[in-house]
């Protein structure tokens, strides 16, 4: 057996990425405690669940849904000076930072005073209305509603198209918000409160199944010897598998999604390959997301193969990826397996850097992605004021977590193996699409990706950060039509979203990075033989995409916090 030579485990921290936040209907009880994970108090609005996950939270088959708290701005004083005129949109800057509940003090992410000024919920809604009309990709499909008639959160949720795609799915599945302080601290530094464990929800209705995907060295979960493949059976004495009561689900929420440092909860778990159960106590602490969770070199008879488990495109990923690629380059790897099965996205500039580090000089000066805004902004970026030009593959650091302008290390590969699934989204898909745009071969091993060719600048106002779809991305060849995701199939398919590769279910019976793990094993097999292992390819099925979607969906919901499941452009500092 080939054995990986691990040279570095980068950043011994993690984040609790738990089960989906929002429920699936009026007859369900959901795990909605994600609001605590974000640091949002019970009297503030809970975040909108990111797309493709709202129907996959833990549910009860009988009790009523747990509703989100309404926005605190809904009870504020009305702005009597505001007059709504249908179809007339004042500039959004007229209403910016006019807040129903102005914050005071110093912002933790900038060390500058909060910009908030006294205002009302009407001002906040008017800001969202004008923002939508100015920059929303499908602005002409949004009904113009009176800002005075809704609380702010309800109003934001209405500021999107209700159209559906040809397949019947919602056209806009990417509309969400988060509390600004928590979002920016997490996105820039990767710091949050948690146990250091990543859960996956494989079944949302009783009998439920929650499984450990991975943990981080040094975390509370790691110290409890909690490893990939362990099943969670109970939380604080409540049966996670079968409990069907609202009270029970509330207890599960409180345990799975700790709200404060030092908070402890007891879990009954069944470890992989064990019939016995044991109880462990996990204590929430300040943990750091490891964007590069692990990197190693796998020795094979035909050369060294690099492996990188890359989980999120946050700011700290710049330094982590640079270090990992440097080490793999020094080891003389001739191929790379890039594991992005759990990578929901993040900063597009990080994706561009990674693409360059993989491809090297062949990517220099070439287009990584082309951003297309709505028809009001065909020449100038509506946020920066700069002329719209394609984003090139970045050959130097961009100043996220390393000083800007440093030359990036490269592997100079003509091919990369990407491990994928239904949780591979957005900026991760941009890596795939960008490389294919310059004829670097991408071999896809796993299931279909989630399908997010869209992105945005985050917009911050009055303590909330809004993601509202603003652009579509395409590669150097003009391709960006992968709303149903990329999927492994035929090498020479006429469908440009169908990539060479193998359909392989996620393997929770082996550790990530182990050459015996099914997806990594399939990548190594394909590298050696040019074909898929027996039983993994679905060629000849009636619908390759449908089959790939089914394989990807079996990964379960590996919840990504806001900002880690999208393509985000960073505004100049």
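In the working numbering, the protein residues as written are 201 to 773.
Don't be surprised by glycine CBs; every beta carbon is placed ideally from N, CA and C.
- Counting the other Cβ atoms within 10 Å of the Cβ of residue 478 gives fewer than 16, which makes it exposed.
- Positions of the beta strand (DSSP E) runs, each at least 3 residues long and wholly inside the region 646-677, are given as 654-657, 659-661, 664-667 and 671-674 in order along the chain.
- If you ignore the 5 residues before and after residue 297, its C-beta comes within less than 6 Å of the C-beta of 315, 316 and 317, all in its own chain and listed in chain order.
- For residue 357, the uninterrupted alpha helix (DSSP H) run begins and ends at 352-358, by DSSP.
- In the DSSP annotation of this structure, the continuous segment of the beta strand (DSSP E) that includes residue 431 starts and ends at 431-435.
- The C-beta of residue 368 has fewer than 16 other C-beta atoms within 10 Å across all chains shown, which makes the residue exposed.
- When the Cα atoms are used, residue 686 and residue 705 turn out to be separated by approximately 15 Å.
- Ranking 480, 669 and 462 by CA distance to the CA of residue 332 puts 669 first.
- In this structure residue 482 touches residue 421 by the C-beta definition: roughly 6 Å separates them, less than 8 Å.
- Ranked by Cα distance from residue 499, the options 736, 728, 732 and 734 are led by 728.
- Two segments are said to touch when three or more pairs of C-beta atoms, one from each, lie closer than 8 Å; by this definition the region 333-342 touches the region 567-583.
- If you ignore the 5 residues before and after residue 440, its C-beta comes within less than 7 Å of the C-beta of 408, 410, 432, 433, 434 and 452, all in its own chain and listed in chain order.
- Residue 697 and residue 539 have their alpha carbons spaced roughly 19 Å apart.
- Every unbroken stretch of the beta strand (DSSP E) spanning 3 or more residues and falling wholly within the region 387-424 is given here in chain order: 391-394, 397-403 and 409-415.
- Nearest to residue 610 by C-alpha distance, out of 552, 621 and 579, is 552.
- If you look at residue 699, you'll find it in the beta strand (DSSP E) that goes 698-703.
- A straight line joining the alpha-carbon of residue 400 with that of residue 376 spans about 21 Å.
- For residue 623, the closest of 458, 561, 396 and 546 by C-alpha to C-alpha distance is 546.
- Counting along the chain, no alpha helix (DSSP H) covers residue 499; the unbroken beta strand (DSSP E) around it starts and ends at 492-500.
- For residue 292, the secondary structure class from DSSP, reduced to helix, strand or coil, is helix.
- Taking each of 570, 602 and 414 in turn and checking the Cα distance to residue 587, the smallest one comes out for 570.
- In this structure, the beta-carbon distance from residue 651 to residue 682 falls below 8 Å.
- Inclusion of residue 649 and residue 703 in the CB contact set at 8 Å is not warranted, their separation being larger than that value.
- DSSP places residue 487 inside the beta strand (DSSP E), whose first and last residues are 485-488.
- In this structure, 358 is the residue among 313, 304, 302 and 358 with its C-alpha nearest to the C-alpha of residue 329.
- Out of 454, 514, 555 and 567, the CA that lies nearest to the CA of residue 544 is found in 514.
- Buried is the label assigned to residue 533, since at least 16 other Cβ atoms lie within 10 Å of its Cβ.
- In this structure, residue 537 and residue 505 form a Cβ contact; the two beta carbons are roughly 6 Å apart against a cut-off of 8 Å.
- Judged by their CB atoms, residue 637 and residue 567 are nearer to each other than the 8 Å cut-off.
- Pairwise C-beta distances place the region 280-288 in contact with the region 345-352, as three or more of them are shorter than 8 Å.
- Check the Cα spacing between residue 582 and each of 659, 542, 307 and 595: the tightest is with 659.
- Burial check for residue 462: the Cβ neighbour count within 10 Å stays below 16, so the residue is exposed.
- Taking the CA atoms as reference points, residue 386 sits about 9 Å from residue 488.
- Looking at 360, 677, 564 and 395, the one whose alpha-carbon comes closest to that of residue 341 is 360.
- Within the model, the alpha-carbon separation for residue 620 versus residue 645 is close to 6 Å.
- Residue pairing from DSSP places residue 688 in a beta bridge opposite 699.
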